[in-house]
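There are 2 protein chains.
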Amino acid sequence: MYTIGQVSEMFNLPISTLRYYDKEGLFPSMQRQSGIRQFGETEVEALRVIECLKTSGLEIKDIKKFMEWCVEGPATYAQRKELFETRKTAVEAEMIQLQKTLDMLRFKCWYYETAIQDGNEDRLNDLMPNDLPADIQKLYNNAHS
Amino acid sequence: MYTIGQVSEMFNLPISTLRYYDKEGLFPSMQRQSGIRQFGETEVEALRVIECLKTSGLEIKDIKKFMEWCVEGPATYAQRKELFETRKTAVEAEMIQLQKTLDMLRFKCWYYETAIQDGNEDRLNDLMPNDLPADIQKLYNNAHS
DNA sequence: GTAGTACCTAAACCTGACTTTAGGTCAAGG
DNA sequence: CCTTGACCTAAAGTCAGGTTTAGGTACTAC
Chain A
0 MYTIGQVSEM
10 FNLPISTLRY
20 YDKEGLFPSM
30 QRQSGIRQFG
40 ETEVEALRVI
50 ECLKTSGLEI
60 KDIKKFMEWC
70 VEGPATYAQR
80 KELFETRKTA
90 VEAEMIQLQK
100 TLDMLRFKCW
110 YYETAIQDGN
120 EDRLNDLMPN
130 DLPADIQKLY
140 NNAHS
Chain B
0 MYTIGQVSEM
10 FNLPISTLRY
20 YDKEGLFPSM
30 QRQSGIRQFG
40 ETEVEALRVI
50 ECLKTSGLEI
60 KDIKKFMEWC
70 VEGPATYAQR
80 KELFETRKTA
90 VEAEMIQLQK
100 TLDMLRFKCW
110 YYETAIQDGN
120 EDRLNDLMPN
130 DLPADIQKLY
140 NNAHS
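Line order of the protein sequences matches chains A and B. One point on numbering: in numbering that gives the first Met the number 0, the residue at position 12 of the first sequence is 11, and numbering is uninterrupted. One point on numbering: in numbering that gives the first Met the number 0, the residue at position 74 of the second sequence is 73, and numbering is uninterrupted.
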């Protein structure tokens, strides 16, 4: 069993955030000892899942729903699996988006490196996409697809 | 030259958002024709960059700074390149984070699939990490690293 | 016995990124 | 002529996800 202060250190999260999560219902089965929160293995695992679902783009109120399903037992296994499948799809889509963004950023890095060397953008402005070096052209195409 | 309505359709962004971006200074050299905004090639390219920088996690006020640098000319090439380099690093870090998240999600999918088959989590609870199937163990380790 | 530390609550506040509202201009069509 | 549609502004409202504030409890150390 951990205190809120210990969990705050373990997860590098402000205490206020942990209390906020609790208030929002993210730890539906957390116990108290004369008013003081007791974080057990259940809550620590819950926090790992919270961080995962948050990173996946899920909102707090939907994370709360998931935590409630966990309390409801085996009847909700299918819904819980569905949720993770949906999140998986969302994250896969976001990674594709980020890959495009990354290629755009790499293209811009090359662009400004060239502009610095030239001292201006004149040559760059005259360049057609297929005048670009092969590797840079790939970044450009990927970023604009 | 495009009207705000045309750009809204092109980028699939609400007109209100485009006006908001303008108000925030994201199109520092946009022209007006008797009060009406005129989006030229500069503004369209600006919007592509805005979407890229926003996806990379940059705030509106910092995108504004970048747009101002663009107006200042060659003197700011180095700063602009620096900005894209920094964004590149940030996105690369985020992709690593998302890869971990994805492995956690895949692990949870496997977990609940197994729970559905078993009808309970008893067997899963007794499993030590290295009792897991090799591929699942990899997901688990990656997600918890 | 009182100062410090770790915990608690309710409620107000904050930030970023928009969106909505209320009111106005202007050109074209019936 | 008057209504419809596309544009305009300033200002207020919204929403998520916290954070801060103000005030209180309870144990420990000096």
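By construction, the Cβ of each residue, glycine as well, lies at the ideal position given by its N, Cα and C atoms.
Query: Closer than 8 Å, CB to CB, is Ser55(A) near chain B or not?; Result: yes
Query: I'd like to know if Asn119(B) contacts chain A, where contact means its C-beta is closer than 8 Å to some C-beta of that chain.; Result: yes
Query: Is the shortest distance between the beta-carbon of Phe83(B) and the beta-carbons of chain A less than 8 Å?; Result: yes
Query: Helix or strand or just coil, what does DSSP make of Phe160(A)?; Result: The requested residue 160(A) is not part of the displayed model; chain A covers only 0 to 144.
Query: Which residue wins for smallest C-alpha separation from Lys137(B), given the options Pro27(B), Leu101(B), Glu58(B), Asn124(B)?; Result: Leu101(B)
Query: Would you tell me roughly how many angstroms separate the C-alpha atoms of Cys51(B) and Leu104(A), rounded to the nearest one?; Result: 8 Å
Query: Give the C-beta separation of Glu23(A) and Lys63(A) to the nearest angstrom, bearing in mind that I take them to be a contact with Cβ-Cβ under 8 Å.; Result: 6 Å
Query: By alpha-carbon positions, which one of Glu58(B), Asp125(B), Arg79(B), Glu40(B) ends up nearest to Glu67(B)?; Result: Arg79(B)
Query: What residues of chain A sit near Tyr76(B), judged by a beta carbon separation below 8 Å?; Result: Tyr111, Ala114, Ile115
Query: Opposite Arg31(B) in the DSSP bridges: which residues?; Result: Arg36(B)
Query: Residue range of the alpha helix (DSSP H) that Thr85(B) falls in?; Result: 76-117
Query: For Met94(B), go through chain A and note every residue whose CB falls closer than 7 Å to its CB, in chain order.; Result: Met94, Leu97
Query: Step through the CB atoms of chain A and report whether any lies within less than 8 Å of the CB of Cys51(B).; Result: yes
Query: Pull up the CB-CB distance for Lys107(A) and Phe83(B), whole angstroms please, since I reckon it's below 8 Å.; Result: 4 Å
Query: Can at least three beta-carbon pairs, one atom from the stretch 30-50 of chain A and one from the stretch 2-14 of chain A, be found at a separation below 8 Å?; Result: yes
Query: Does chain B have any CB closer than 8 Å to the CB of Lys107(A)?; Result: yes
Query: For the candidate residues Glu8(A), Pro13(A), Ser15(A), Phe26(A), whose alpha-carbon lies nearest to that of Lys60(A)?; Result: Phe26(A)
Query: Cβ of Thr2(B) less than 8 Å from any chain A Cβ?; Result: no
Query: Determine which residues share a DSSP beta bridge with Tyr1(A) and list them.; Result: Phe38(A)
Query: Show which residues of chain A have a CB atom less than 7 Å away from the CB atom of Arg79(B).; Result: Tyr111
Query: Please report the straight-line C-alpha distance between Pro13(A) and Thr113(A), rounded to a whole angstrom.; Result: 44 Å
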